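S.K.:
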Amino acid sequence: MLASKELISAINTQVGNEFGASLQYVSIASHFAGEALTGLARFFYRQAEEEREHAMKFVQFVVDAGGQLEIPAVAAPKSTFATAKEAVQAALEWEQEVTQQIYGLVNIAKKDSNYIAIRFLDWFVTEQFEEVNTMSELLQVVERAGEDGLLHVEEFLAREPGFADPHAEGGE
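Residue numbers for the sequence shown follow our numbering, beginning at 18 and rising by one.
(1) If we require 4 or more residues per run, which alpha helix (DSSP H) segments fall completely within the region 32 to 86?
(2) Can you tell which of Ile119, Phe146, Thr151 and Glu172 has its C-alpha closest to the C-alpha of leucine 24?
(3) Distance, Cα to Cα, glutamate 68 vs phenylalanine 36?
(4) Counting only the same chain and skipping the five closest in sequence on each side, list residues whose C-beta sits under 6 Å from that of alanine 50.
(5) Who are the near neighbours of glutamate 148 in its chain, counting only those whose CB is closer than 7 Å to its CB and skipping five residues on each side?
(6) Since alanine 16 and lysine 95 are thought to touch, with beta carbons under 8 Å apart, how far apart are those beta carbons, to the nearest angstrom?
(7) Glutamate 70: which of Gln31, Ser153 and Leu174 sits nearest, CA to CA?
(8) For the putative contact between isoleucine 28 and phenylalanine 75, defined by C-beta atoms under 8 Å, what is the C-beta separation to the nearest angstrom?
(9) Which residues mark the beginning and the end of the alpha helix (DSSP H) in which methionine 152 is found?
(10) So, does the region 37 to 48 touch the region 87 to 94, judging by three or more C-beta pairs under 8 Å?
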């Protein structure tokens, strides 16, 4: 096996975290879709798909490393949000939490002197930097616009390449 049992176990937990994030983003997207905020909905549906792709990268690592995949139960996502700010704030907080989870995985890989895993996890470290920055910027725009100005947020999302297509400028 190319990874310790501890690392495989932690990555299995992360698979569940990533699938949970995907479900949370679907929930946030559907909230915005229900409010006829199609730009925000589209953005979060894309985020949901991206989180699913992250989960699958971890799944493939476990398989390739000769580990046993054990996907944990995933908690139901929060389904209601009082404001757009609350929804985006929740997304930012989640990305900050995921960043700490990734750091934990890196720490295990370093402790194991597992350079294969470290190289694999480097991609996620960079991705989390981008995700936190994106959510921080979106939160600033939503706060600036206010609940009555969410159509301005929609315009922002439509014209900013990194938001219209997260992979357009230096993404994956």
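The C-beta atom is built at its ideal place from N, Cα and C for all residues, glycine as well.
All values reported here derive from a predicted model rather than from experimental measurement.
M.R.: Here's the rundown:
(1) 55 to 81
(2) Taking the first residue of the sequence shown as position 1, residue 24 is located at position 7. Comparing Cα-Cα distances from leucine 24 to each of Ile119, Phe146, Thr151 and Glu172, the minimum goes to Ile119.
(3) The count along the sequence shown starts at 1 and reaches residue 68 at position 51. The count along the sequence shown starts at 1 and reaches residue 36 at position 19. Their backbone Cα atoms lie some 7 Å apart in a straight line.
(4) Position 33 of the sequence shown holds residue 50. Sequence-distant partners of alanine 50 (beyond 5 residues in either direction) whose C-beta falls short of 6 Å from its own C-beta, in its chain, are Ala58.
(5) For the purposes of this step, residue 148 is identified with residue 131 of the sequence shown, where counting begins at 1. Closer than 7 Å at Cβ, skipping near neighbours: Glu112.
(6) An answer regarding residue 16 cannot be provided, because it is not within the stretch 18 to 189 covered by the chain.
(7) On the sequence shown, position 53 is the one that residue 70 refers to. It is Gln31 whose Cα lies nearest to the Cα of glutamate 70.
(8) Reading the sequence shown from its first residue, position 11 is the one you call residue 28. Reading the sequence shown from its first residue, position 58 is the one you call residue 75. That belief holds up - the Cβ atoms of isoleucine 28 and phenylalanine 75 are roughly 5 Å apart, short of 8 Å.
(9) By one-based count along the sequence shown, residue 152 stands at place 135. Note, methionine 152: alpha helix (DSSP H), 132 to 162.
(10) yes
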